[in-house]
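Visitor:
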Amino acid sequence: MPELTMPTLGADMVAGRLLTWHVAPGDRVRRGDIMATVDTDKAEIDIESFDEGVVDTLVVAPGTKVPVGTVLATLRPADAPQAAAAASAPPAPPAPPAGPAPVPPPVVPTPVVAVAVVPAPADGPAGRRRVSPLARRMAGALGVDLDRVTGSGPGGVIVGDDVRAAAAGTATEAVPAPAPPAPAAEAAPPAGAARRSDAERRASLRAAVAALMARSKREIPHFSVQQTIDLSAATAWLQAYNQQRPPAQRLLPAAVLLRAVVLAARDVPGLNGTYEEGILTAAPRVDLGVAIALRDGGIIAPAIPGADALALPELMTALRGLTARARRGVLRGADAAGASITVTNLGDQGADLVQGVIFPPQVALVGFGRIAERPLARDGMVGARPSVIATLTADHRVSDGHAASRLLVAVDRHLQEPDAL
Amino acid sequence: MTDVTAGTTTYRQALHDGLRDALAGDERVFLLGEDVGRYGGSFGVSRGLLDEFGPERIRDTPLSESAFMGAGIGAALGGMLPIVEVMTVNFSLLALDQIVNTAASLSHMSGGQFHVPLVVRMTTGGGRQLAAQHSHSLEGWYAHVPGLRVLAPATMDDARWMLAGALRDPDPVVIFEHGSLYAMEGPPPGPGPVDLDHAAVRRAGTDVSLIASSQAVHVALAAADALAEEGVSAEVLDLRVLRPLDTEAIAATVGRTHRAVVVDEGWRSVGLSAEVSARITEHAFYELDAPVARVCTAEVPLPYAKHLEDAALPQPRRVVAAVHAMGLGG
Numbered sequence: 001m002p003e004l005t006m007p008t009l010g011a012d013m014v015a016g017r018l019l020t021w022h023v024a025p026g027d028r029v030r031r032g033d034i035m036a037t038v039d040t041d042k043a044e045i046d047i048e049s050f051d052e053g054v055v056d057t058l059v060v061a062p063g064t065k066v067p068v069g070t071v072l073a074t075l076r077p078a079d080a081p082q083a084a085a086a087a088s089a090p091p092a093p094p095a096p097p098a099g100p101a102p103v104p105p106p107v108v109p110t111p112v113v114a115v116a117v118v119p120a121p122a123d124g125p126a127g128r129r130r131v132s133p134l135a136r137r138m139a140g141a142l143g144v145d146l147d148r149v150t151g152s153g154p155g156g157v158i159v160g161d162d163v164r165a166a167a168a169g170t171a172t173e174a175v176p177a178p179a180p181p182a183p184a185a186e187a188a189p190p191a192g193a194a195r196r197s198d199a200e201r202r203a204s205l206r207a208a209v210a211a212l213m214a215r216s217k218r219e220i221p222h223f224s225v226q227q228t229i230d231l232s233a234a235t236a237w238l239q240a241y242n243q244q245r246p247p248a249q250r251l252l253p254a255a256v257l258l259r260a261v262v263l264a265a266r267d268v269p270g271l272n273g274t275y276e277e278g279i280l281t282a283a284p285r286v287d288l289g290v291a292i293a294l295r296d297g298g299i300i301a302p303a304i305p306g307a308d309a310l311a312l313p314e315l316m317t318a319l320r321g322l323t324a325r326a327r328r329g330v331l332r333g334a335d336a337a338g339a340s341i342t343v344t345n346l347g348d349q350g351a352d353l354v355q356g357v358i359f360p361p362q363v364a365l366v367g368f369g370r371i372a373e374r375p376l377a378r379d380g381m382v383g384a385r386p387s388v389i390a391t392l393t394a395d396h397r398v399s400d401g402h403a404a405s406r407l408l409v410a411v412d413r414h415l416q417e418p419d420a421l
Numbered sequence: 001m002t003d004v005t006a007g008t009t010t011y012r013q014a015l016h017d018g019l020r021d022a023l024a025g026d027e028r029v030f031l032l033g034e035d036v037g038r039y040g041g042s043f044g045v046s047r048g049l050l051d052e053f054g055p056e057r058i059r060d061t062p063l064s065e066s067a068f069m070g071a072g073i074g075a076a077l078g079g080m081l082p083i084v085e086v087m088t089v090n091f092s093l094l095a096l097d098q099i100v101n102t103a104a105s106l107s108h109m110s111g112g113q114f115h116v117p118l119v120v121r122m123t124t125g126g127g128r129q130l131a132a133q134h135s136h137s138l139e140g141w142y143a144h145v146p147g148l149r150v151l152a153p154a155t156m157d158d159a160r161w162m163l164a165g166a167l168r169d170p171d172p173v174v175i176f177e178h179g180s181l182y183a184m185e186g187p188p189p190g191p192g193p194v195d196l197d198h199a200a201v202r203r204a205g206t207d208v209s210l211i212a213s214s215q216a217v218h219v220a221l222a223a224a225d226a227l228a229e230e231g232v233s234a235e236v237l238d239l240r241v242l243r244p245l246d247t248e249a250i251a252a253t254v255g256r257t258h259r260a261v262v263v264d265e266g267w268r269s270v271g272l273s274a275e276v277s278a279r280i281t282e283h284a285f286y287e288l289d290a291p292v293a294r295v296c297t298a299e300v301p302l303p304y305a306k307h308l309e310d311a312a313l314p315q316p317r318r319v320v321a322a323v324h325a326m327g328l329g330g
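Here the protein sequences come in this chain order: A and B.
So that you can map any letter, position 256 of the first sequence is 256 in the UniProt record's numbering, and since no number is skipped, the others follow by simple counting.
So that you can map any letter, position 56 of the second sequence is 56 in the UniProt record's numbering, and since no number is skipped, the others follow by simple counting.
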């Protein structure tokens, strides 16, 4: 029987507090549906279901703090009988019929939940949505909700063209969107479930940052190298790129800097990974951490998993979504997965340079100060040129100044060829 | 030689020309094997060479694969550049100990002090009603072995020029000549040399990659023609070099088309097609829009009867059907 467990939302997390259930026993959930909100020391995070089925039992009551790995809820297959323990819960809605034909929702005589019975458009034989790897990657990059896409591949599998069509808004109009999750029996939350006040949250976040950064400085022998990077070419390219596009598709300089770091991390793999128990594990891909300052203070560093598989516009989309969710305090489980290297970017208003602190168990952190016009010499002439001071802070246990320099040089080189980004 | 119309040549003639060039160009090169001299080679590739180069350099051997392969290895160690012809890959199993335990291993075991610049030519493949013991495709067995370079010429150019490159390799090279290609006619090969490292796109396409080698390249090309009539654009990748495999080219073609059918005349289980499929998963998983499909030879010893042999071997219609099953065309 599939279970929903308290996930680990960062290397330093040992426990989390269940805040709210968004589902009730008997609700049908699909992969990706938000089932609960969990409070960690850093942020409230919506927990998605990794399975498809009907909610059987809610094991943990709102307000309870439980260790990572604790079972929060159990699911059962849509057509399985209800567990005896949950017999008092409202009856499960009938399983949707096989086949893609939409049917009107049956009238379920229960006042508690209104479950939208939408035939899953791409159910495989096992009842799991079938999505090709390409389609899943494109959906993530283009921000397409796979629940709203009809699969046109063999057996209803969702393929790349379906996602492309959905992104273009030309497809799947016929498929009704799943109803929002029912506000599951939330009328009287148990005592203790109340959300923390902003002040409490700030204090808690500060304490979490303090603990992690103190551990980092205690355990990691940090060193830094820095390089001033001429951004004339990148800035000019960006301007030309953005001029031809509507605001929603324009790129921020931050995305260009991140893309250069992703490419450089692939060029110099020794700094892209984690160091635990005395062993450096090189990451097979670039899971890019992005340090995001929160409006009410504090900083968190969620990740863009598999950032090296994203082209520049896709990376921009991912960054935009990540920043928005972080600032709203509603990160998803996938956002909070571990990064293999992190970037901190002070943006337009910041100081000239930042020498950051590494997020354990990572081994490197790239910092960008503000982009500003600075006097730079080129071809024997000093001119005012847009530039950025990049720093790389690295773990001296696994690398040295030479490797660190190579990474910054690679970042520089990629930024001099913006066409190839 | 085969009667060839003006302006065309055959795969057999291209191999012959490459062999003759090699013998004429370097005195250290010599050919040995069963029937390579007086009979002209069991497939006619070395016809006429005995008269031209004499029995010292075109040597008929007794019917003992292990012995003449070992003689070739000894000659290579002694400074010669031997070309050993084994009639079919089936018979080469008698020489497998020499090839795998000696030729492929010596450089490694001696810390690079001894190289074995040996070239082994052998025939592979079915389609000629020669039954099980003369028709199998065991390229995957050789491609499994570190220390060997394994080549599979599918085109006139590769048939003409791969041998010259193989002779320049200081380590053992195995060249598979497909029996059904000997009579293939086509325009004369272009100027050499050809590289021995890279796969080649034989036909560009956007919807699906057909990945093949040797005779299966021609099966894939025929399938691509049929698919084009349905509006499906198939890319055909000729692996050419079975070891070391050109992983980059495999990942690149899947990156362009997002779908792959591996066409292999070997058996499916634990074979070359399995290796190619695994590399796609390792290096291009997030490009895949459909599971990798394989069209291989039926897992039986190849039958003699023509209709049964045809049923066992990969055919263009089976490739087309595999593409249809991906939801394209049909």
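Virtual Cβ for every residue (Gly too), placed ideally from N, Cα, C.
Could you compute how far the alpha carbon of R332/A sits from the alpha carbon of I47/A?
Guide: Stepping through the first sequence from its first residue, residue 332/A is reached at position 332. Stepping through the first sequence from its first residue, residue 47/A is reached at position 47. Cα-Cα distance, rounded: 6 Å.
Visitor: Which stretch, first to last residue, makes up the alpha helix (DSSP H) that contains Y304/B?
Guide: As a position in the second sequence, residue 304/B is number 304, starting the count at 1. Unbroken run through Y304/B: none, as it is neither H nor E.
Visitor: If you measure from the beta carbon of G153/A to each beta carbon in chain B, is any gap under 7 Å?
Guide: The residue labelled residue 153/A in the question sits at position 153 within the first sequence. Chain B contact via Cβ: present.
Visitor: By alpha-carbon positions, which one of V89/B, G79/B, I83/B ends up nearest to T61/B?
Guide: As a working mapping, residue 61/B is identified with position 61 in the second sequence. If we check each option's Cα against that of T61/B, I83/B comes out closest.
Visitor: Find the residues of chain A that neighbour E230/B, judging by a C-beta separation of less than 8 Å, and give them in chain order.
Guide: Along the second sequence, read from residue 1 onward, the residue named residue 230/B stands at position 230. The contacting residues do not exist; E230/B stays about 16 Å from chain A at best.
Visitor: In chain A, which residues lie with their C-beta within 7 Å of the C-beta of D195/B?
Guide: One-based indexing of the second sequence puts residue 195/B at position 195. What D195/B touches in chain A: nothing, since even the nearest Cβ is about 26 Å away.
Visitor: Give, in chain order, every unbroken run of the beta strand (DSSP E) that is at least 3 residues long and sits entirely within the stretch 363-419 of chain A.
Guide: Qualifying beta strand (DSSP E) stretches, in chain order: 364-368, 372-378, 381-395.
Visitor: Taking the CB atoms as reference points, tell me whether L32/B and R59/B lie closer together than 7 Å.
Guide: Here residue 32/B refers to the residue found at position 32 of the second sequence. Here residue 59/B refers to the residue found at position 59 of the second sequence. Their beta carbons are under 7 Å apart, which means L32/B touches R59/B by this criterion.
Visitor: Where do the N-terminal and C-terminal ends of the alpha helix (DSSP H) with M1/A fall, by residue?
Guide: Looking up residue 1/A in the first sequence gives position 1. That residue, M1/A, is in no alpha helix (DSSP H); it is neither H nor E in DSSP.
Visitor: Kindly say whether residue 437/A, judged by its beta-carbon, lies nearer than 7 Å to any beta-carbon of chain B.
Guide: Limits of chain A in this structure are 1 at one end and 421 at the other, which puts residue 437/A out of reach.
Visitor: May I have the straight-line CA-CA distance separating G143/A from T317/A, to the nearest angstrom?
Guide: Within the first sequence, the letter at position 143 stands for residue 143/A. Within the first sequence, the letter at position 317 stands for residue 317/A. Approximately 8 Å, taken between the alpha carbons.
Visitor: With a threshold of 8 Å, are at least 3 pairs of Cβ atoms found where one atom belongs to the stretch 279-290 of chain B and the other to the stretch 257-266 of chain B?
Guide: Flag = yes, the stretch 279-290 of chain B and the stretch 257-266 of chain B touch.
Visitor: Could you tell me the distance, in whole angstroms, from the CA atom of D412/A to the CA atom of V208/B?
Guide: For the purposes of this step, residue 412/A is taken as residue 412 along the first sequence, with counting starting at 1. For the purposes of this step, residue 208/B is taken as residue 208 along the second sequence, with counting starting at 1. Distance between the alpha carbons of D412/A and V208/B: 37 Å.
Visitor: Please classify L421/A: does DSSP put it in a helix, a strand, or coil?
Guide: The sequence position of residue 421/A within the first sequence is 421, counting from 1. Residue state, collapsed to three classes: coil.
Visitor: Could you pull out every residue in the same chain whose Cβ sits closer than 7 Å to the Cβ of K306/B, ignoring the five residues on either side in sequence?
Guide: Residue numbering aside, residue 306/B sits at position 306 when the second sequence is read from its first letter. Taken in chain order, the residues that qualify are Q129.
Visitor: Identify the contact partners of R137/A in chain B, using a Cβ-Cβ distance below 7 Å as the criterion.
Guide: Your numbering for residue 137/A matches position 137 in the first sequence. Within chain B, the residues near R137/A are Y286.
Visitor: Does the Cβ-Cβ distance between M156/B and P189/B come in under 7 Å?
Guide: By 1-based counting over the second sequence, the position of residue 156/B is 156. By 1-based counting over the second sequence, the position of residue 189/B is 189. Cβ distance < 7 Å, so M156/B and P189/B count as in contact.
Visitor: Does DSSP classify E200/A as helix, strand or coil?
Guide: Along the first sequence, read from residue 1 onward, the residue named residue 200/A stands at position 200. E200/A falls in the helix class under three-state DSSP.
Visitor: List the residues of chain A whose Cβ lies closer than 7 Å to the Cβ of D289/B, in chain order.
Guide: Locating residue 289/B in the second sequence gives position 289, where the first residue counts as 1. Within 7 Å Cβ-Cβ: S132, L134, A135, V159, G160.
Visitor: Whole-angstrom Cβ separation of E56/B and S92/B, contact assumed at under 8 Å?
Guide: Translated into positions along the second sequence, residue 56/B becomes position 56. Translated into positions along the second sequence, residue 92/B becomes position 92. 25 Å between Cβ atoms; not a contact.
Visitor: Below 8 Å, how does it come out for the stretch 208-222 of chain A and the stretch 359-367 of chain A: are there three or more Cβ pairs, yes or no?
Guide: Yes, the stretch 208-222 of chain A is in contact with the stretch 359-367 of chain A.
Visitor: Does H258/B have its Cβ less than 7 Å from a Cβ in chain A?
Guide: Your numbering for residue 258/B matches position 258 in the second sequence. With 7 Å as the cut-off, H258/B counts as an interface residue toward chain A.
Visitor: Give the DSSP-derived three-state secondary structure of G53/A in the structure shown.
Guide: Residue numbering aside, residue 53/A sits at position 53 when the first sequence is read from its first letter. DSSP places G53/A in strand when its eight states are reduced to three.
Visitor: Let's see if you can read the secondary structure: which residues bound the beta strand (DSSP E) around N345/A?
Guide: Against the first sequence, residue 345/A aligns to sequence position 345. Residues 341-345.
Visitor: Counting C-beta neighbours from all protein chains within 10 Å, is the total for Y142/B 16 or more, i.e. buried, or is it exposed?
Guide: Here the question's residue 142/B lines up with position 142 in the second sequence. Y142/B comes out buried.
Visitor: Could you check where the beta strand (DSSP E) with Y275/A kicks off and where it finishes?
Guide: The sequence position of residue 275/A within the first sequence is 275, counting from 1. Where Y275/A is concerned, the enclosing beta strand (DSSP E) stretches over 273-276.
Visitor: Would you mind sorting I279/A into buried or exposed? The rule is 16 or more other CB atoms within 10 Å of its CB.
Guide: Counted from its first residue, the first sequence places residue 279/A at position 279. When all chains shown are included, I279/A counts as exposed.
Visitor: How would you label M1/A, buried or exposed, when you count the other beta carbons within 10 angstroms and need 16 or more for buried?
Guide: On the first sequence, position 1 is the one that residue 1/A refers to. Per the 10 Å Cβ criterion, exposed.
Visitor: Do you know how far the Cα of T297/B is from the Cα of T344/A?
Guide: Sequence index remark: in the first sequence, residue 344/A carries index 344 (1-based). Sequence index remark: in the second sequence, residue 297/B carries index 297 (1-based). Their Cα atoms are separated by approximately 55 Å.
Visitor: Decide if G37/B is buried, meaning its Cβ has at least 16 other Cβ atoms within 10 Å, or exposed.
Guide: As a first step, residue 37/B must be located in the second sequence, where it is residue number 37. So G37/B counts as buried.
Visitor: Less than 7 Å between the C-beta atoms of residue 359/B and A166/B, yes or no?
Guide: Residue 359/B lies beyond the residue range present for chain B, which begins at 1 and ends at 330; the question has no answer from this structure.
Visitor: Which residues in chain B sit within 7 Å of A309/A, going by Cβ to Cβ distance?
Guide: Within the first sequence, residue 309/A is the residue found at index 309, counting from 1. Y286, listed in chain order.
Visitor: Could you tell me which chain A residues have their CB closer than 8 Å to the CB of A325/B, listed as they occur along the chain?
Guide: Numbered from 1 along the second sequence, position 325 holds the residue referred to as residue 325/B. In chain order: P154.
Visitor: Using a Cβ-Cβ cut-off of 7 Å, state whether A182/A counts as contacting chain B.
Guide: The residue you call residue 182/A lines up with position 182 of the first sequence. Note that A182/A scores a pLDDT of 36, beneath 50, so its modelled location is shaky; the value from the coordinates is reported in the next line. No, its Cβ sits nowhere closer than 7 Å to a Cβ of chain B.
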